[in-house]
Structures are given as C-alpha cells and as structure tokens.
Amino acid sequence: MSAHTEPRFLHRMPNIPLVEDAWEEIDASELVDVPLLGTVSAGMPMEACADDETVRIPSRMVRRNTYALRVRGDSMIDCNIHDGDIIIIEKLESAENGETAVVLINNQEVTLKKVYIDKSGVRLQPANNTMAPIYLKNDDIQVLGLVMGVARRPANTPINAT
C-alpha cells in the first residue's frame, strides 16, 4: 500500500479538553484488532445497530475495554472528529463534565457528544456551532464510553475492516 492510502491514527493527549488540537499523531506500528461495533451518529441520535467487524489500530491505543465505532455526521468537527472517521472508545459508564462520550439515549438511540451534567439534567453538546444541544433528564442517558483516539482514512479510501 502506498503512504497515501494508509490510515492516520490520532491519539488523545491526556489531561486536556478534547478540542481540535488535543491529538497527537502516532505511528501505525504494532497493530492489533479491536471490535468495530457499528456506527455512531455525530448529529441527530440514531438507532443503535451492531456490526461484527474488527479494525486494526496501534496497540498503544488499546486499553482494557477498547472498541471502535464508525462516525456518521458532522456534529463533532470542532473536536477534529469527522464524518467517516473510526473513533477508538474506552468502555466507561461515566463521564466528567465536558468529556466527549458515546451516549445511549432511552436505551435505543446512540450519539456522540460532549456531556454536561447538572442538577437540572444533561446537556449533550455538539462540537459544531451550527448545531443545537440536546437536553435530557439524567435517567434518559447512559454513557457507553469515552473517545480516546481516531483512525482516519484518506479521502475516497475504503476502510479495511476484516
């Protein structure tokens, strides 16, 4: 494969908010398979649907409970997460205020947003100023995991899932 078709791997830098420059590019060495569990909406929440594929990512991006999701939509572009990216998720059941998380809404729809929690409820905030936040009650959401990395294919290159 030529260098133009190789994916780029962006790893989240620790202890800083997830914004466009909160990533470091890492070498595509020591690749391991992680489950690619389906698609997550970066836009309007969509029904959760599972895939049974894997995607190869650098081993240093893998934690105890790591999985991947394909992104559909543009609501997180200000965090440098774009339509078609594969996001690397660490399975966690809680998020700090401002964390970028995969969230299950009413046990049926999944979305990718920044999570803000207070006494009045939950605000799911897009990282795209053209899109409105979603307001819900605390009981309506379940955090499924936090974004730890991105695998980005060059434009017009198919994703090599096995």
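Going by full-length UniProt numbering, the residue at position 14 of the sequence shown is 14; the numbering climbs one at a time, nothing skipped.
C-beta: ideal position from N, C-alpha, C; glycine also.
Predicted, not measured: the structure shown is a model, and the values here were computed from it.
| Query | Result |
| --- | --- |
| Pull up the distance between the alpha-carbon of R44 and that of I89, whole angstroms please. | Reading the sequence as shown, one finds Met at residue 44 and not Arg. About 19 angstroms. |
| Return the bridge partner residues of V124 from the DSSP annotation. | The displayed chain sequence assigns Leu, not Val, to residue 124. L124 is bridged to V115, I134. |
| Which residue or residues does DSSP assign as beta-bridge partners of P35? | T54 |
| Which partner residues does residue 202 have in the DSSP bridge list? | Outside the displayed range of the chain (1 to 162) lies residue 202, so it cannot be described from this structure. |
| Residues in its own chain within less than 6 angstroms of L144 by CB, not counting five upstream and five downstream? | V102, L104 |
| Quick one: residues in its chain with C-beta nearer than 8 angstroms to the C-beta of R60, no 5 flanking neighbours on either side, listed in chain order? | H11, I26, E30 |
| Measure the CB-CB distance between L112 and V71 and report whether it falls below 8 angstroms. | yes |
| Could you tell me the boundaries of the beta strand (DSSP E) in which E30 lies? | Per DSSP, E30 belongs to no beta strand (DSSP E) and is neither H nor E. |
| Rounded to whole angstroms, what is the Cα-Cα separation between D74 and R152? | 14 angstroms |
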